[in-house]
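Numbering-wise (numbering that gives the first Met the number 0), the sequence shown opens with residue 0 and increments by one. Note that beta-carbon positions come from the ideal geometry of N, C-alpha and C, so glycine has one too. From a predicted model like this one, the values you see are computed outputs, not experimental measurements.
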Amino acid sequence: MMEQSKTVLAALALASAFAAGWMAQGWRANAAAARVQAEQSVKDVAQAHQSQAATENKAGALLQHARDQQDNTHDYTQKLAQLEAGRAADAARIASLQLAISAAATRSAQAASDAAACRDLADRHQRLAALAGEGGAVVAGLASLVRQRDAELGLLAGQIRADRGLADQQ
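Here it is, written out as structure tokens:
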């Protein structure tokens with residue numbers, strides 16, 4: 000009986016040792032799993048920081064683009080106002096020239112009968128020629144404004160290409 004109890008005790012000791020080893024192995028496995036989860040968490044945090052930095056960079060680029068767009072729009076609006084003012088001034092000069100031509104034609108008809116009027120007519124004709132020369136200068140100025148407006152349209156087309164390039168990058 001003694002041998003049987005020794006065998007039972009030995010079996011119990013062996014079972015206890017096996018259970019203790021099994022538990023220790025489980026703890027090691029749990030510790031290893033916790034380390035893997037911690038490493039994955041560190042990687043996830045790093046990836047989140049990178050994603051946040053990329054988002055902030057893109058937001059900064061979009062804000063800069065918006066500021067540039069606003070500046071271009073303001074400059075364009077100012078330039079249009081200047082061109083409109085120039086056009087209005089040119090229209091006033093043209094109207095003035097038309098009145099001067101009409102008045103000169105009327106005076107010319109009245110002065111045709113008299114020799115002194117002819118001299119006066121010659122003087123007025125000279126002034127009319129000077130006004131016509133000024134009218135030519137006005138036309139040249141208008142042509143310059145048209146070239147300037149064409150250049151602005153080219154700049155606006157460049158802005159549109161830049162906007163499309165930004166849209167394509169998104």
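- With 16 or more other CB atoms across the displayed protein chains lying within 10 angstroms of its CB, residue 127 is buried.
- The beta-carbon separation of residue 133 and residue 75, rounded to 31 angstroms, does not stay under the 8 angstroms limit for a contact.
- Sequence-distant Cβ neighbours of residue 130 in its own chain, meaning closer than 6 angstroms and more than five residues away, are 96, 99.
- Taking 4 residues as the minimum length, the stretch 97–131 contains no alpha helix (DSSP H) run wholly inside it.
- Nearest neighbour of residue 104 by Cα position, chosen from 119, 91, 90, turns out to be 119.
- Taking C-beta atoms as the reference points, residue 92 and residue 106 fail to come closer than 8 angstroms.
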